[in-house]
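So the sequence shown is numbered by numbering that gives the first Met the number 0: it starts at 0 and just counts up by one. Notes to accompany the following structure.
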Amino acid sequence: MARIIAGIGSSHVPAIGAAIDNGKTEEPYWKRIFSGFEKSQAWMREAKPDVAIIVYNDHASAFSVEMIPTFALGCAAEFPPADEGWGPRPVPTVQGYPPLASHIAQSVILDEFDLTICNKMEVDHGMTVPMNLLFGNVDKNSHWPCPVIPLAVNVVMYPPPTGHRCYMLGKAIRKAVESYPEDLRVVIFGTGGLSHQISGPRAGLINSKWDKAFLDNLSKDPQKLAKVPHVDYMREAGAEGIEMVMWLVMRGALDDKVDEVYRFYTVPASNTAVGHIILANRLRTTKPAGRHKPAASHKPAAKHKRAAARAKPALIRSH
Ligand SMILES: [Fe+2]
């Protein structure tokens, strides 16, 4: 069966994408940020997921104020890059995984979570920046290392879903993944945040104390975190801090008790706090089962079939 091996939380600051795209990653300001993800990229290379589910929010690229789904699942075969501000990022088209995406849609909707199904969707920095941070820089004419199932969450117009709703959706996604018969190693990303506000009298707000408590609770006490109301995010983490509820979808898809593999936090990136965490499920370990091939030769039924789960990657202790 398919299984979720780990959850990844990552900010998706658009300026990070612009720094990559404009060759600024070695500049001291940006190197401080990118160096915090080097161990994560090594972890990801070892983990070799077959599929990534990426929970993110659209920034008026695929949707607009005319139409804002609360939860939108990408079931297409591919998702071209699009973006606001700097324009479409020069990154490869993201390959989807329609068989698993459709299975998740069926399972989750029949579990009474009303997803919008997207059979055509462009994806912006909300998704591609975390992909770069975890998978590294990928040439536009190359391929991302694994297919992706996007899950877009409305955190741009009131009312966004509650943290509890996101947490419970994560549990439903896990149930869906684990009822999929193909042997797949799946990672799930929660993206956005951490504390930031981009306009109004409190523009530039960063609350490191709140952010670090959020990461602590995400790791150790997610049920407590799931009870935090919208107004607390707004008050403590700024107007755009509500993006952090998306991390609760990721956390809900994991075991109650997880291994915290790695954590990184720095301020600022643009006008935003950057947070990152890797949380691993405590899977039984078996022998590795061969090399993972890039999505270029993606054949859903054959390519991602694995005889057994590989050994989980080692923990990184650097904080
Ligand atoms: Fe965002």
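C-beta atoms are modelled at their ideal positions from N, C-alpha and C, and glycine is treated no differently.
Inclusion of V50 and P146 in the CB contact set at 9 Å is warranted, their separation being smaller than that value. In the three-state reduction of the DSSP assignment, P97 falls in the helix class. By the Cβ neighbour-count rule, Y96 is buried, with 16 or more other Cβ atoms within 10 Å of its own. Assigned with DSSP and collapsed to three states, L278 falls in strand. Rounded to whole angstroms, the gap between the alpha carbons of K174 and S269 is 37 Å. For ligand 1, residues qualifying as neighbours are H11, N56, H58, G125, G191 and E242, where qualification means a beta carbon closer than 6 Å to at least one of its heavy atoms (chain order). The Cβ neighbour count for K139, taken over all protein chains shown within 10 Å, is under 16; the residue is labelled exposed. The DSSP-derived three-state label of S9 is strand. Residue environment analysis places R281 among the exposed positions, since fewer than 16 neighbouring C-beta atoms fall within 10 angstroms of its C-beta.
Annotation: P48 to P158 spans about 33 Å, alpha carbon to alpha carbon. Annotation: the continuous alpha helix (DSSP H) that includes Y166 extends over G162 to E177. L193 and D210 do touch by the CB rule: their CB atoms are close to 4 Å apart, below 8 Å. Taken through DSSP and simplified to helix, strand or coil, Y261 comes out as strand.
Nearest C-alpha to A14 among E83, Y179 and V185: E83.
D57 is not a Cβ neighbour of G8, given a cutoff of 9 Å.
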